[in-house]
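All remarks here apply to the structure that follows.
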Amino acid sequence: MSSPLQLRFLLSASRLGQLPDREVELAVVGRSNVGKSSLINALAHRKKLAKTSKTPGATQLINIYEYGAEASGQWLVDLPGYGFAKAPKQELERWRRMIEEYLTESPTLGAVLVLIDGAVGPTELDLQNVEWLNHIDLPYRFVATKADKVKPSKSKARRTELVTKLGVERSEVLWVSAETGAGIPQLRREIIDFFADR
Ligand code: GTP
Ligand code: MG
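Count along the sequence shown starting at 1, add 140, and that's the number in my numbering.
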């Protein structure tokens with residue numbers, strides 16, 4: 141096992157303009173319920189740092205977690221998910237605008253972790269999101285979540301299907317499980333390197 145990432149909850153915001161000065165951010169995006177907040181908890185080895193829920197729509201604001209030393213200005217950012225069908229339309233639209241404003245306009249956003257459900261993804265909505273990210277020209281890294289939900293006998297076929305649908309090489313997707321901790325040490329290393337390079 142590797143050491144947990146040092147992450148502290150800093151604040152929640154509903155607009156880009158509410159965010160204080162910072163150095164650099166790494167944002168976590170993905171469909172509602174894909175496991176964004178659970179992944180942040182696994183990285184920090186904390187159970188309740190980020191709020192998680194069985195029901196989609198747990199995260200409704202831009203939630204900022206500060207990495208490393210106090211006042212480092214290095215942030216890991218948890219966002220609401222897209223495609224949460226049960227929320228009122230207006231609410232969905234508000235979240236979408238909030239996420240898009242943040243992703244397109246934060247000048248210090250350095251990269252994005254794009255989460256895809258390893259058991260069922262990518263969905264049509266995931267693919268639309270990836271296409272949108274390609275347009276805005278932000279570096280991103282694919283992370284396949286819930287690896288523990290894929291039966292070992294199905295693992296090879298599932299991995300092939302996932303990368304084929306995404307149109308990427310196997311090495312471009314990191315498989316993780318917040319449940320078992322699989323892949324978490326590798327992702328911690330990548331995040332440490334990301335912040336160290338800034
Ligand atoms: P929103 O905030 O609604 O966008 O969702 P989210 O992407 O933050 O998902 P969240 O972390 O709240 O997890 C959603 C559900 O998936 C919860 O019931 C988690 O326990 C479950 N989950 C998350 N990661 C894993 C995993 O690695 N394995 C398994 N089996 N379940 C997971
Ligand atoms: Mg969440």
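The beta-carbon is built from N, C-alpha and C at its ideal position, and this holds for glycine as well.
> Between which two residues does the alpha helix (DSSP H) harbouring D333 extend?
Replying inline: 324-336
>> Using only Cβ atoms and a threshold of 5 Å, which residues come within that distance of a heavy atom of the ligand MG? Order them by chain position.
In response: K176, S177, A198, T199
>> Between which two residues does the beta strand (DSSP E) holding D257 run?
In response: 249-257
>> Tell me which residues share the same chain as P196 and place their Cβ nearer than 6 Å to its Cβ, disregarding the 5 neighbours each side in the sequence.
In response: S172, N173, F224
> Is the segment 308-317 in contact with the segment 280-290, if contact means three or more CB pairs nearer than 8 Å?
Replying inline: yes
>> Taking the alpha-carbon of H275 as reference, which of Q214, D333, G323, T244 has the nearest alpha-carbon?
In response: T244
>> Taking the straight line between their C-alpha atoms, what separation do you get for L278 and L166?
In response: 11 Å
>> Using 8 Å as the cut-off, can you tell me whether the segment 236-253 makes contact with the segment 145-160, which would need three or more C-beta pairs spanning the two stretches below that distance?
In response: yes
>> On the CB-based measure, 16 or more other CB atoms within 10 Å of its CB, does P262 come out buried or exposed?
In response: buried
>> Please tell me whether, using a cut-off of 8 Å, the distance from the CB of D288 to the nearest non-hydrogen atom of the ligand GTP is below it.
In response: yes
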